[in-house]
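> Below are the structure tokens for one structure; questions will follow.
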Amino acid sequence: KIGFLWTRPGLPSPLRPICDLRVLNHFIQEARDAEVTMKSCREGCGLTEAVSVPQTTVNFDDWEKKNAMEQAQEVQTGLWLLQQALSLLRTSMTNSELNSHIDNVIRNLHSITAVLRSLNFQEYTPPASTVGPEGTWRVSTATELLQVHLNFLRGKVRLLLLDAQACQQEAS
Amino acid sequence: MTCERLVRLLALYLTLCAAAAAGDVRDFKRKASILLKEEPKNPKCFAETKKDFVCFWEEDEERAGSVDQYSFTYAYQKENGSTCALQVLRSAGGKRLFVCRLDRVQMFVQLDIRVYREGIQIHNRSLLIELLFLLDPPKNVTVSSTGRQGQLNVSWVAPSLKYMDDSMIYEVFYARADSHVGQVEAIQACSEMILRGLEASTKYRVQVRVNLDGITYDGFWSAWSDPVFVETLPAELDPLIVSLTFIVSFILVLLCLTMLLSHHRFLIKKLWPAVPTPDSKFQDLFTVYGGDFKEWLGQTSGSLWLTSPFILSEECPSPLEVLSELHLCPPLSSPPLPPKASKALTLVRNEDRVLSKGLLDGESVDRVDALQTNGWRSPLHDHWLLDRLREFQQHPVPRSQCSLLESQDTYITLSGNKRTEEEHREDTLDEVLPPGVFFASRKPPKSESHSDLGSVQQSSGSGNLSSQSSFEYPNNVWTAKDPGYTYMAVADSGVSMDYSPMSRADDIGKVVIYANDYKNEIPPHRRPFLVRQCPVHDDG
Numbered sequence: 003k004i005g006f007l008w009t010r011p012g013l014p015s016p017l018r019p020i021c022d023l024r025v026l027n028h029f030i031q032e033a034r035d036a037e038v039t040m041k042s043c044r045e046g047c048g049l050t051e052a053v054s055v056p057q058t059t060v061n062f063d064d065w066e067k068k069n070a071m072e073q074a075q076e077v078q079t080g081l082w083l084l085q086q087a088l089s090l091l092r093t094s095m096t097n098s099e100l101n102s103h104i105d106n107v108i109r110n111l112h113s114i115t116a117v118l119r120s121l122n123f124q125e126y127t128p129p130a131s132t133v134g135p136e137g138t139w140r141v142s143t144a145t146e147l148l149q150v151h152l153n154f155l156r157g158k159v160r161l162l163l164l165d166a167q168a169c170q171q172e173a174s
Numbered sequence: 458m459t460c461e462r463l464v465r466l467l468a469l470y471l472t473l474c475a476a477a478a479a480g481d482v483r484d485f486k487r488k489a490s491i492l493l494k495e496e497p498k499n500p501k502c503f504a505e506t507k508k509d510f511v512c513f514w515e516e517d518e519e520r521a522g523s524v525d526q527y528s529f530t531y532a533y534q535k536e537n538g539s540t541c542a543l544q545v546l547r548s549a550g551g552k553r554l555f556v557c558r559l560d561r562v563q564m565f566v567q568l569d570i571r572v573y574r575e576g577i578q579i580h581n582r583s584l585l586i587e588l589l590f591l592l593d594p595p596k597n598v599t600v601s602s603t604g605r606q607g608q609l610n611v612s613w614v615a616p617s618l619k620y621m622d623d624s625m626i627y628e629v630f631y632a633r634a635d636s637h638v639g640q641v642e643a644i645q646a647c648s649e650m651i652l653r654g655l656e657a658s659t660k661y662r663v664q665v666r667v668n669l670d671g672i673t674y675d676g677f678w679s680a681w682s683d684p685v686f687v688e689t690l691p692a693e694l695d696p697l698i699v700s701l702t703f704i705v706s707f708i709l710v711l712l713c714l715t716m717l718l719s720h721h722r723f724l725i726k727k728l729w730p731a732v733p734t735p736d737s738k739f740q741d742l743f744t745v746y747g748g749d750f751k752e753w754l755g756q757t758s759g760s761l762w763l764t765s766p767f768i769l770s771e772e773c774p775s776p777l778e779v780l781s782e783l784h785l786c787p788p789l790s791s792p793p794l795p796p797k798a799s800k801a802l803t804l805v806r807n808e809d810r811v812l813s814k815g816l817l818d819g820e821s822v823d824r825v826d827a828l829q830t831n832g833w834r835s836p837l838h839d840h841w842l843l844d845r846l847r848e849f850q851q852h853p854v855p856r857s858q859c860s861l862l863e864s865q866d867t868y869i870t871l872s873g874n875k876r877t878e879e880e881h882r883e884d885t886l887d888e889v890l891p892p893g894v895f896f897a898s899r900k901p902p903k904s905e906s907h908s909d910l911g912s913v914q915q916s917s918g919s920g921n922l923s924s925q926s927s928f929e930y931p932n933n934v935w936t937a938k939d940p941g942y943t944y945m946a947v948a949d950s951g952v953s954m955d956y957s958p959m960s961r962a963d964d965i966g967k968v969v970i971y972a973n974d975y976k977n978e979i980p981p982h983r984r985p986f987l988v989r990q991c992p993v994h995d996d997g
């Protein structure tokens, strides 16, 4: 007689909340460095087509009126859009120095996504259509793209992390 | 009543509004002055809170137009433009300020501003509002002591801006109250700081200002808060320092004591030198005789004493027996001394100084012998002396007529050493002889005393010539006590002498010389003793 023991994959252990904003500050610094470098680029550093990027405008009164889920949805959508746009920019870049910056920025976006996951935010489900959803802008230059990327991190992403429920519970 | 009340309320409201406006204007002008120094671009814009944003520019009164001539337009990224209503304020130095307060504030998005004057663009600027904060100074700045020396605890209330607390940085300025030079300490995301290294019992001035860290938000340093004056605690003695000081002091004291004890003899000799005692010079004087000098003298020989280093070398003690005190008469005239005798006198005088012992050595004795052979010894002279003595004894001079014994010449009485009996007799006659005979002095008597050589000596056993001693005549008068005694007047200088006994005048020819120790007892008052010596006649 042969017996079989079936095993099932276990549930992933919950991530420890990352509430230290110094991590985000580091990402913001590297985004600023990439933007400054892009401003000085003259050749081999342009988008081949217009891309959709999240809106970065923050009105504190309007922001505070939204709930946590709406805020998280808005941030996660924006992060996804930026990853798509920066990946497209990476393929068209020929400048080696800028390529390293773009790679770094893309890597940081994935890290921010992981931070949001550690804060118990729902997994983002990308839209089926590639057309930009509401609340997006269209940019056609690399400079604009990196500027939006920077402002998005400094604004909405940071505000979301500051108000994260998991961080409030840990602080108390 | 109701209308009056309403009017009063309206007036109060307007007053408060005016006051608030005035306060606002005052605050605005204060910040505007900061931006005029810090911001080179125009228009100059700043955000005080998350919900307001102000832009302005400055023009000279003379060049500025009316406010209607200007237009201020602004547009956020990807939005339509808007126009801002301008206000005019007069500032110091004949300037005009054109001010625009935005109604709708949006951050993390680019803002484009255009200023036109009569359709002509005069200013153009693109900015991010979250990077142009000019906050109010921290409020409620409190400075207190921490309880430790040289420290102060500074705390304040941070500007009330949500989402921006962790982005604020502060600078704390502190200086002595009487000085403008101080130090600045920076701190981030904290509204409390401890100042260290301050001087004790010193009054300090503390001020605080705020700014943003520049990562997410940025701006200009706010104005300094109103100064707060606090005095630090007085200096305290650290127990550790006190104990270490005590231990070190104790160790130093021990070292000093050890050094002093190891050299105490040397220090005692230097600080308290021992009084020299004559114990070593006088054997058994203090140990056996208990300090009784007379008794000690009686037990010891004269030579021991005479050999004492305390005896002056010039004074040659000689054995001498004082038989009586003799009151001196007017100086007797004596035959002039023979030249040879004078020479001999001089020679002997010099020798006298050389002699330091009671006993002459052979050399001096030889000299004496030479002198004697030169004619000192004159039988005639001897008889003359005897005559004089007898005369004196038979007719003693009243005391009132007596004068001080004065002798300007030195008298010498010598006796040879190892003489034959005959010589011995002659010698005795010479020197002692006659014991009561005075030597005449060639010089007129003087009122002052002179030192004379005393005649001396001898000891029967040694036969040595006694040393010659010099005496000083105090100005006293003495009388003879017993004319039957052969005597010799001696001026006692207080030096103990060994005198030989003087034989009676009747027995001059049969003088037996013997030695007797004379114990010098200092009389109540000094009396002169006449030294009897034979006159020296020089037959030559």
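From first to last, the protein sequence lines are chains C and R.
Mapping of the first sequence onto my numbering: residues 3 to 174, in sequence order.
Mapping of the second sequence onto my numbering: residues 458 to 997, in sequence order.
Note that CB positions come from ideal geometry on N, CA and C, so glycine has one too.
Everything numeric in this text was worked out from a predicted model, so none of it was measured.
Helix or strand or just coil, what does DSSP make of C:Cys21?
Numbered from its first residue, the first sequence carries residue 21 of chain C at position 19. Coil.
> I'd like the list of long-range same chain contacts for C:Gln73, defined as Cβ closer than 6 angstroms, with 5 residues on each side in sequence excluded.
One-based indexing of the first sequence puts residue 73 of chain C at position 71. These residues qualify, in order along the chain: Leu162.
> What is the DSSP secondary structure of R:Ala731, reduced to helix, strand or coil?
For the purposes of this step, residue 731 of chain R is taken as residue 274 along the second sequence, with counting starting at 1. Correct three-state label for R:Ala731: coil.
> Whole angstroms is fine: what's the gap from R:Phe677's alpha carbon to R:Ser658's?
Within the second sequence, residue 677 of chain R is the residue found at index 220, counting from 1. Within the second sequence, residue 658 of chain R is the residue found at index 201, counting from 1. When rounded, the distance between both Cα atoms is 35 angstroms.
> Could you spell out the range, first to last residue, of the beta strand (DSSP E) harbouring R:Ile672?
By 1-based counting over the second sequence, the position of residue 672 of chain R is 215. In this chain, R:Ile672 is not harboured by any beta strand (DSSP E), its DSSP state being neither H nor E.
> Which of helix, strand or coil does DSSP assign to R:Leu554?
Locating residue 554 of chain R in the second sequence gives position 97, counting from the first residue. In this structure, R:Leu554 counts as strand in the three-state DSSP scheme.
> Buried or exposed for R:Pro595, going by 16 or more other Cβ atoms inside 10 Å?
Counted from its first residue, the second sequence places residue 595 of chain R at position 138. Per the 10 Å Cβ criterion, buried.
> So, at 6 angstroms on beta carbons, what are the nonlocal neighbours of R:Ser682 in its own chain, with the 5 sequence-adjacent residues on each side left out?
Here residue 682 of chain R corresponds to residue number 225 of the second sequence, with the count starting at 1. Hits under 6 angstroms: Pro594, Pro595, Val598, Gln664, Val665.
> Starting from R:Asp517, trace the alpha helix (DSSP H) in both directions and tell me its first and last residue.
Indexing the second sequence from 1 puts residue 517 of chain R at position 60. Run containing R:Asp517: none in the alpha helix (DSSP H); it sits in the beta strand (DSSP E), 511–517.
> Using DSSP's beta-bridge definition, name the partner residues of R:Arg605.
Counted from its first residue, the second sequence places residue 605 of chain R at position 148. R:Arg605 is not bridged to any residue.
> What are the partner residues of R:Ile570, as DSSP defines its beta bridges?
For the purposes of this step, residue 570 of chain R is identified with residue 113 of the second sequence, where counting begins at 1. In the DSSP output, where bridge partners are listed per residue, R:Ile570 has R:Tyr531, R:Arg582.
> Report the rounded CA-to-CA distance for R:Ala478 versus R:Thr530, giving the unit in angstroms.
Taking the second sequence and counting its residues from 1, the one referred to as residue 478 of chain R is at position 21. Taking the second sequence and counting its residues from 1, the one referred to as residue 530 of chain R is at position 73. Their Cα atoms are separated by approximately 25 angstroms.
> Give a yes or no on whether 7 angstroms exceeds the smallest Cβ distance from C:Thr138 to chain R.
Residue mapping note: residue 138 of chain C aligns to position 136 of the first sequence, counting from 1. With 7 angstroms as the cut-off, C:Thr138 does not count as an interface residue toward chain R.
> Can you list, in chain order, the residues of its chain with a C-beta nearer than 8 angstroms to that of R:Gln567? Leave out the 5 residues immediately preceding and following it.
Taking the first residue of the second sequence as position 1, residue 567 of chain R is located at position 110. So the list reads Tyr533, Gln534, Ser583, Leu584, Leu585, once near-sequence residues are dropped.
> Taking the alpha helix (DSSP H) that R:Cys713 belongs to, which residues open and close that run?
Within the second sequence, numbered from 1, the residue matching residue 713 of chain R stands at position 256. Element bounds for R:Cys713: 696–719.
> List, from N- to C-terminal side, the beta strand (DSSP E) runs of 3 residues or more that fit wholly inside the segment 613–696 of chain R.
625–633, 639–645, 649–652, 660–669, 685–688
> Would you tell me roughly how many angstroms separate the C-alpha atoms of R:Val572 and R:Gln640, rounded to the nearest one?
Within the second sequence, residue 572 of chain R is the residue found at index 115, counting from 1. Within the second sequence, residue 640 of chain R is the residue found at index 183, counting from 1. If you take the alpha carbons of R:Val572 and R:Gln640, they lie about 42 angstroms apart.
> Does the pairing of the segment 510–522 of chain R with the segment 546–557 of chain R give three or more beta-carbon distances under 8 angstroms?
yes
> Should R:Leu669 and R:Ser624 be called a contact, given that it needs their Cβ atoms to be closer than 7 angstroms?
Within the second sequence, numbered from 1, the residue matching residue 669 of chain R stands at position 212. Within the second sequence, numbered from 1, the residue matching residue 624 of chain R stands at position 167. Against a cut-off of 7 angstroms, the Cβ pair of R:Ser624 and R:Leu669 comes out as a contact.
> Can you tell me whether DSSP reads R:Met564 as helix, strand or coil?
Position 107 of the second sequence, counted from the first residue, corresponds to residue 564 of chain R. In this structure, R:Met564 counts as strand in the three-state DSSP scheme.
> Quick check: is the beta carbon of C:Phe62 nearer than 7 angstroms to any beta carbon in chain R?
In the first sequence, residue 62 of chain C corresponds to position 60, counting from 1. At a cut-off of 7 angstroms between C-beta atoms, C:Phe62 counts as an interface residue with respect to chain R.
> C:Phe62 by DSSP, collapsed to three states: which one?
Taking the first residue of the first sequence as 1, we reach residue 62 of chain C at position 60. Looking at C:Phe62 - three-state DSSP - the assignment turns out to be helix.
> Given a cut-off of 7 angstroms, decide if R:Leu655 and R:Gly607 are closer than it, judged by their beta-carbon atoms.
Position 150 of the second sequence, counting from 1, holds the residue named residue 607 of chain R. Position 198 of the second sequence, counting from 1, holds the residue named residue 655 of chain R. Closer than 7 angstroms, so yes.
> Run through the DSSP bridge pairs and tell me what R:Thr599 is partnered with.
As a first step, residue 599 of chain R is located in the second sequence; it is residue number 142 there, counting from the start. Beta-bridge pairing links R:Thr599 to R:Ser612.
> Here's the rule I'm using: 16 or more other beta-carbon atoms within 10 Å means buried, otherwise exposed. How should C:His151 be labelled?
For the purposes of this step, residue 151 of chain C is taken as the residue at position 149 of the first sequence. With 16 or more other Cβ atoms within 10 Å, it is buried.
> Show which residues of chain C have a CB atom less than 7 angstroms away from the CB atom of R:Val566.
Within the second sequence, numbered from 1, the residue matching residue 566 of chain R stands at position 109. Within 7 angstroms Cβ-Cβ: Thr58, Thr59, Asn153.
> By Cβ distance below 7 angstroms, which residues in the same chain neighbour R:Met564 in space, the five residues on each side in sequence not counted?
Looking up residue 564 of chain R in the second sequence gives position 107. Cβ neighbours of R:Met564 beyond the five flanking positions: Ile586, Glu587.
> Please compile the residues from chain C whose C-beta is within a distance smaller than 9 angstroms of the C-beta of R:Asp623.
To locate residue 623 of chain R, count along the second sequence from 1; it is residue 166. Ordered by position in chain C, the residues that pass the 9 angstroms Cβ test against R:Asp623 are Leu23, Leu164.
> Taking the alpha carbon of R:Ser490 as the reference point, which residue from R:Ser679, R:Arg633, R:Asp569 has its own alpha carbon closest?
If you number the second sequence from 1, residue 490 of chain R lands on position 33. Nearest option by C-alpha distance: R:Ser679.
> Going by beta carbon distance, what residues of the same chain come within less than 6 angstroms of R:Arg574, once the five residues before and after it are set aside?
Translated into positions along the second sequence, residue 574 of chain R becomes position 117. Contacts found: Gln526, Tyr527.
> Could you check whether the Cβ of C:Gly157 sits closer than 7 angstroms to any Cβ belonging to chain R?
The residue you call residue 157 of chain C lines up with position 155 of the first sequence. Yes, because at least one Cβ of chain R sits closer than 7 angstroms to the Cβ of C:Gly157.
> Less than 7 angstroms between the beta carbons of C:Ile2 and C:Leu88, yes or no?
In the structure as shown, chain C starts at 3 and stops at 174, and residue 2 of chain C therefore has no counterpart that could be examined.
> Measuring only between beta-carbons, confirm whether R:Thr673 sits less than 7 angstroms from chain C.
Counting from one through the second sequence, the residue named residue 673 of chain R turns up at place 216. At least one CB atom of chain C sits nearer than 7 angstroms to the CB of R:Thr673.
> Is the number of C-beta pairs between the segment 63–80 of chain C and the segment 461–470 of chain R that are closer than 8 angstroms three or more?
With a cut-off of 8 angstroms, the segment 461–470 of chain R and the segment 63–80 of chain C do not count as touching, because too few Cβ pairs lie within range.
> Could you give the C-beta distance for C:Glu110 and C:Phe29, rounded to a whole number, given that I count them as a contact under 8 angstroms?
As a working note, residue 110 of chain C is residue 108 in the first sequence. As a working note, residue 29 of chain C is residue 27 in the first sequence. Going by the sequence as given, residue 110 of chain C is Asn instead of Glu. Confirmed, Cβ separation roughly 4 angstroms.
> Counting along the chain, where does the alpha helix (DSSP H) carrying C:Thr138 start and finish?
Residue mapping note: residue 138 of chain C aligns to position 136 of the first sequence, counting from 1. First-last for C:Thr138: 138–141, but that is the beta strand (DSSP E), not the alpha helix (DSSP H).
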